[in-house]
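Using full-length UniProt numbering, the first residue of the sequence shown is number 1, and each one after it goes up by one.
Here a beta-carbon is modelled for each residue, glycine too, at the ideal position from N, C-alpha and C.
The block underneath contains the structure these notes are about, expressed in structure tokens.
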Amino acid sequence: MPDSSFTVRPDFLADLNIKHTADAPLGALTWYRTGGHAAILASPSNVAQLSTLVSRCHEEHVPITVLGAGANLLVRDEGVDAVVVRLDDPNFKNITIDEKQGSIVAGAGVDLFKLVPASARAGLDGLVHIAGIPATVGGAVRMNAGGAFGDIGESVKRVQVMSDAGQVYYRDRDDLEFNYRSTNITAPFILEVEFELTPADSDELMKRYKEIYFYKKNSQPMGDKSAGCCFKNPPAEVGATAGQLIDRAGLKGYTVGGASVSELHANFVVAEPGKTTSSDLLAVIDHVQQTIAQRHGIDLEREVVVW
Ligand SMILES: Cc1cc2nc3c(=O)[nH]c(=O)nc-3n(C[C@H](O)[C@H](O)[C@H](O)COP(=O)(O)OP(=O)(O)OC[C@H]3O[C@@H](n4cnc5c(N)ncnc54)[C@H](O)[C@@H]3O)c2cc1C
Numbered sequence: 001m002p003d004s005s006f007t008v009r010p011d012f013l014a015d016l017n018i019k020h021t022a023d024a025p026l027g028a029l030t031w032y033r034t035g036g037h038a039a040i041l042a043s044p045s046n047v048a049q050l051s052t053l054v055s056r057c058h059e060e061h062v063p064i065t066v067l068g069a070g071a072n073l074l075v076r077d078e079g080v081d082a083v084v085v086r087l088d089d090p091n092f093k094n095i096t097i098d099e100k101q102g103s104i105v106a107g108a109g110v111d112l113f114k115l116v117p118a119s120a121r122a123g124l125d126g127l128v129h130i131a132g133i134p135a136t137v138g139g140a141v142r143m144n145a146g147g148a149f150g151d152i153g154e155s156v157k158r159v160q161v162m163s164d165a166g167q168v169y170y171r172d173r174d175d176l177e178f179n180y181r182s183t184n185i186t187a188p189f190i191l192e193v194e195f196e197l198t199p200a201d202s203d204e205l206m207k208r209y210k211e212i213y214f215y216k217k218n219s220q221p222m223g224d225k226s227a228g229c230c231f232k233n234p235p236a237e238v239g240a241t242a243g244q245l246i247d248r249a250g251l252k253g254y255t256v257g258g259a260s261v262s263e264l265h266a267n268f269v270v271a272e273p274g275k276t277t278s279s280d281l282l283a284v285i286d287h288v289q290q291t292i293a294q295r296h297g298i299d300l301e302r303e304v305v306v307w
């Protein structure tokens with residue numbers, strides 16, 4: 001039964017030949033495995049279909065948003081009163097490698113777990129530093145995903161995007177900015193990304209890829225249901241990371257329902273499978289923010305995106 005609280009009608013896209021489902025559960029499409037439904041979940045087959053869909057939403061003032069690998073996403077239990085798009089068609093998952101030019105062009109739907117080792121095997125340096133980060137190319141560029149070894153933005157040369165009216169255009173490196181978990185790409189859809197990479201020995205790159213991958217696996221609760229680091233680190237002058245502040249406040253293990261602050265890494269809020277609601281996760285997040293604000297006067301900014 002469609003959720004009657006949604007204002008987006010279940011038949012909103014009925015006259016368009018675009019694959020979609022009304023009142024579609026989103027939880028299974030996120031790493032947290034929690035949360036409600038999307039009013040409509042659509043999987044366009046190509047850029048032309050996406051453009052038609054985006055224009056329709058624009059004309060009818062219906063909100064539209066895009067889901068990547070769901071690795072940085074917390075969907076509220078109430079769900080999302082919008083058209084949610086997945087770029088999961090093979091047309092959004094192409095990878096073109098040019099070893100001579102040192103470039104890789106990847107569709108927004110490409111999984112980083114596939115792209116990063118492929119770049120190492122091709123002997124192209126510039127992506128192995130983001131080994132082990134779960135994401136699609138679109139989600140990783142939107143968030144400027146990265147960590148101790150660098151961010152994805154460092155290697156981005158050009159990005160193909162779509163406006164909220166469905167127009168496709170490019171943004172080039174000289175007008176792109178990549179900051180801590182953010183970019184100045186304001187277009188709602190990233191479609192394709194060109195990376196500029198440096199030729200290097202593929203065996204050496206594979207070795208580094210594995211080292212970084214296992215470093216991450218051993219220092220973070222990769223096996224637990226999470227969205228990675230929950231909060232952004234505060235400015236350097238604070239002198240502590242978000243994880244250190246949360247740990248020192250004695251919040252490791254703080255639990256609401258099935259949600260808790262990870263014992264392994266205090267900046268991860270993890271969910272016990274099958275026993276956690278998004279409301280539990282949000283309650284833990286709120287408590288952490290309030291505790292750190294009271295103790296240190298610091299407002300921890302959420303890194304995880306809440307829908
Ligand atoms: C175990 C674990 C470890 C993690 N470790 C790290 C880490 O080390 N470093 C790090 O930076 N992050 C880390 N993360 C968080 C996550 O991997 C990144 O934020 C990643 O960039 C999310 O990509 P995604 O495709 O899953 O995007 P989603 O979570 O699906 O979406 C995130 C945001 O990106 C937008 N988006 C998605 N696709 C597109 C697109 N094509 N065009 C425009 N916008 C888009 C969404 O609308 C949303 O606002 C981790 C997460 C987990 C679960």
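Practice item. Helix, strand or coil for residue 369, going by three-state DSSP, please let me know. Key: One cannot answer for residue 369 here, as it falls past the ends of the chain, which runs 1 to 307.
Check your understanding: Out of curiosity, what's the CA-to-CA distance linking residue 46 and residue 107?
Key -> 11 Å
**Study point:** Complete runs of the alpha helix (DSSP H) confined to the segment 111 to 155 [at least 4 residues]
**Key:** With a minimum length of 4 residues, the unbroken runs of alpha helix (DSSP H) contained wholly in the segment 111 to 155 fall at 112 to 121 and 137 to 143.
Review point. Roughly how many angstroms lie between the CA atoms of residue 234 and residue 63, to the nearest whole one?
Key: Rounded to whole angstroms, the gap between the alpha carbons of residue 234 and residue 63 is 31 Å.
Check your understanding: Looking at C-beta atoms only, is the number of pairs between the segment 89 to 108 and the segment 126 to 143 that lie closer than 8 Å three or more?
Key -> Judged by Cβ distances under 8 Å, the segment 89 to 108 makes contact with the segment 126 to 143, as three or more pairs qualify.
Exercise for review: Determine the DSSP secondary structure at residue 18, reduced to helix, strand or coil.
Suggested key: coil
Check your understanding: Under a Cβ-count criterion, where at least 16 other Cβ atoms within 10 Å of its own Cβ denotes burial, should residue 198 be classed as buried or exposed?
Key -> exposed
Check your understanding: Relative to the C-alpha of residue 92, which residue among 43, 78 and 153 is closest?
Key -> 43
Point to revise | Nearest to residue 173 (by Cα), restricted to the options 189, 304 and 152 | key: 152
**Study point:** Three CB pairs or more closer than 8 Å across the segment 50 to 69 and the segment 13 to 33
**Key:** Taking a cut-off of 8 Å for Cβ pairs, the segment 50 to 69 and the segment 13 to 33 touch, as three or more such pairs fall below it.
Review point. For residue 185, which of helix, strand or coil comes out of DSSP?
Key: Three-state DSSP puts residue 185 in coil, outside helix and strand.
Review point. Between the segment 116 to 126 and the segment 198 to 208, do at least 3 Cβ pairs fall closer than 8 Å?
Key: yes
Point to revise | For residue 107: DSSP bridge partner residues | key: 192
Exercise for review: Report the partner residues of residue 98 according to the DSSP bridge assignment.
Suggested key: 103
Exercise for review: Would you decide whether residue 86 is buried or exposed? Buried here means 16 or more other CB atoms lie within 10 Å of its CB.
Suggested key: buried
Check your understanding: According to DSSP, is residue 217 helix, strand or coil?
Key -> Helix at residue 217.
**Study point:** DSSP state of residue 255 mapped onto helix, strand, coil
**Key:** strand
**Study point:** residue 236 in three-state terms, based on DSSP
**Key:** helix
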